[in-house]
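Okay, so here's the structure we're looking at.
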Amino acid sequence: MISSLELARLCGVSQGTVDRALHDRAGISEETRRRILAAAAKHGYRANPAVMEVLRGTSATVGALIPRINHVFFLDLLEEVRAAIAPRGLRLLLTAAGTTSEFHDALAEFAARRTVAALVVPPTDDIAIAPTVSRSMPVVCFASPCTGVNVHYLTPDEVTTGRAATEHLLARGHHRILHLTYERRSRAIIDRADGYRAAMRVARCESTVFTDSAGESILARVSAARATALFCHNDWLALSAIRTLTGAGLRVPQDVSVLGVDASPTFTALYPGITTFSYPFAALAAQTALLIAGKSAGAAPTCALVAGTTVADA
Numbered sequence: 005m006i007s008s009l010e011l012a013r014l015c016g017v018s019q020g021t022v023d024r025a026l027h028d029r030a031g032i033s034e035e036t037r038r039r040i041l042a043a044a045a046k047h048g049y050r051a052n053p054a055v056m057e058v059l060r061g062t063s064a065t066v067g068a069l070i071p072r073i074n075h076v077f078f079l080d081l082l083e084e085v086r087a088a089i090a091p092r093g094l095r096l097l098l099t100a101a102g103t104t105s106e107f108h109d110a111l112a113e114f115a116a117r118r119t120v121a122a123l124v125v126p127p128t129d130d131i132a133i134a135p136t137v138s139r140s141m142p143v144v145c146f147a148s149p150c151t152g153v154n155v156h157y158l159t160p161d162e163v164t165t166g167r168a169a170t171e172h173l174l175a176r177g178h179h180r181i182l183h184l185t186y187e188r189r190s191r192a193i194i195d196r197a198d199g200y201r202a203a204m205r206v207a208r209c210e211s212t213v214f215t216d217s218a219g220e221s222i223l224a225r226v227s228a229a230r231a232t233a234l235f236c237h238n239d240w241l242a243l244s245a246i247r248t249l250t251g252a253g254l255r256v257p258q259d260v261s262v263l264g265v266d267a268s269p270t271f272t273a274l275y276p277g278i279t280t281f282s283y284p285f286a287a288l289a290a291q292t293a294l295l296i297a298g299k300s301a302g303a304a305p306t307c308a309l310v311a312g313t314t315v316a317d318a
C-alpha cells in the first residue's frame, strides 16, 4: 500500500492536489481528480483513518482498556461489545494497563485521539478520572467502579450472584460450603463473597471464605471443614479446584461439588461440563451500546444457572 506522498509523485502533482482529489475538495480539474483516483485504485491507496477522522471532526473508534491482553474473560466480554457497536460503524482499539499510572496515561491518550468512548477494566476500585478526560467521552467501567464526571459502572448484581450460587448448593443438600475467591479487593469479588455469606447466614451455616488457591491450601480447607461443596468466584478458579481435588483422589461431584461463575465462551469451549452461573455478556454489551449512544443503561442484569456435571446432591 502506498502513501499519499508516493501517490503524488506517481501522478506528478503536489500532495495537496492529491488530498483535494481524495477528499473531493475544490481547486483541481475533474481530469486531474479522475487521474489521481484511478492511480489510487490501481496502487491500493487507502486514506489514513486517523487523518480522516481529524478532517471530519468525528471518530469511529472506541477505546478499550484491560489489565492484561491475555485475560480471556475480558476479551470475551469485549467481543460481545464489539458485536453490539459494530452496526453503528464503531470499532474497538484495545490496549492494556496493569497499574494506575498506565491506566491514567491510556485514558488520556484515548481522549487525545477523540475516541467515542472508553471501555475500561480498572486495575483497582474507585480510581478518580479527571474531568478533562471524561467530559469529552463517556467512560464505561467493568468489574471495578471509577469516580468522575460522565463515568459509568456496568455490572450484574454480584451480591445476588453470590447468594443465588450458594442457595443452589444449599438446595442440593450441601451445608458445608466453602467460597474460594481472589485476594484482590475489587467490587465484584467483595459483592459475590457478601452474597455467599448472606445465604449461609440465612441457612444458619458457617461461612468460610479463603483466597489461597494453591493445591495444598484447597485440600487442607476442604478436609478441615469436611466440605461437600466449593463455590468458586469464577470458572478458572473452579477448574483449578477440580484439578486439585481429582489429583488428590477425590471425586467431583460425588465427594465434593464445585460451582463456578462466568460461562465465558472461551472457557466453556475448553470445559463444557462445568456447573456455573453465566455472566450476562450480551446484556452488558447492549447496555454499553446504549451508554455510548447517550441513553440510559437500565437496571443491572443477573447471572443465570447453567446446569453441568460438577454439582450433585449432598
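Under my numbering, the letters of the sequence shown match residues 5 to 318, in that order. Ideal placement from N, C-alpha and C gives every residue a C-beta, glycine not left out.
query, result
"Local Cβ density within 10 Å of P276, reported as buried at 16 or more and exposed below that", "exposed"
"Residues near L174 by beta carbon distance below 6 angstroms, same chain, minus five either side", "A207"
"Beta-ladder partner(s) of F77, from DSSP", "The partner list for F77 (beta bridge, DSSP) is empty, contrary to what the question assumes."
"Option in H237, A287, A303, T314 with minimal Cα separation from I89", "A287"
"Cutoff 7 angstroms; reference T164; Cβ partners in own chain excluding five residues on either side", "G199, T306"
"Classification of V85 by the beta-carbon crowding that lies within 10 angstroms, buried from 16 upward", "buried"
"C-beta atoms of E143 and V124 nearer than 8 angstroms", "It is Val, not Glu, that sits at residue 143 in the sequence shown. A contact, by the Cβ cut-off of 8 angstroms."
"Presumed contact (8 angstroms Cβ cut-off) between A197 and T185, rounded CB distance", "6 angstroms"
"P71 versus P149: straight-line alpha-carbon distance, rounded", "14 angstroms"
"Neighbourhood of E267 by C-beta distance below 6 angstroms, restricted to the same chain and skipping five residues each side", "Per the sequence presented here, residue 267 reads as Ala, with Glu not at that position. If we look at A267 and ignore the five residues flanking it on each side, its Cβ neighbours are T280, S282, V310."
"Close beta carbons around V315, own chain, < 8 angstroms, minus the five adjacent residues each side", "H172, L173, R176, A233, P257, S261, V262, L263, T279"
"I181 Cβ short of 7 angstroms to the ligand PLP heavy atom set", "No copy of the ligand PLP occurs in the structure displayed, which carries no ligand at all."
"Meets three-Cβ-pair contact criterion under 8 angstroms: the region 220–240 and the region 293–300", "no"
"Continuous beta strand (DSSP E) assignments of at least 3 residues falling wholly in the region 222–278", "233–236, 261–266"
"Length of the line joining the Cα atoms of V76 and A43", "43 angstroms"
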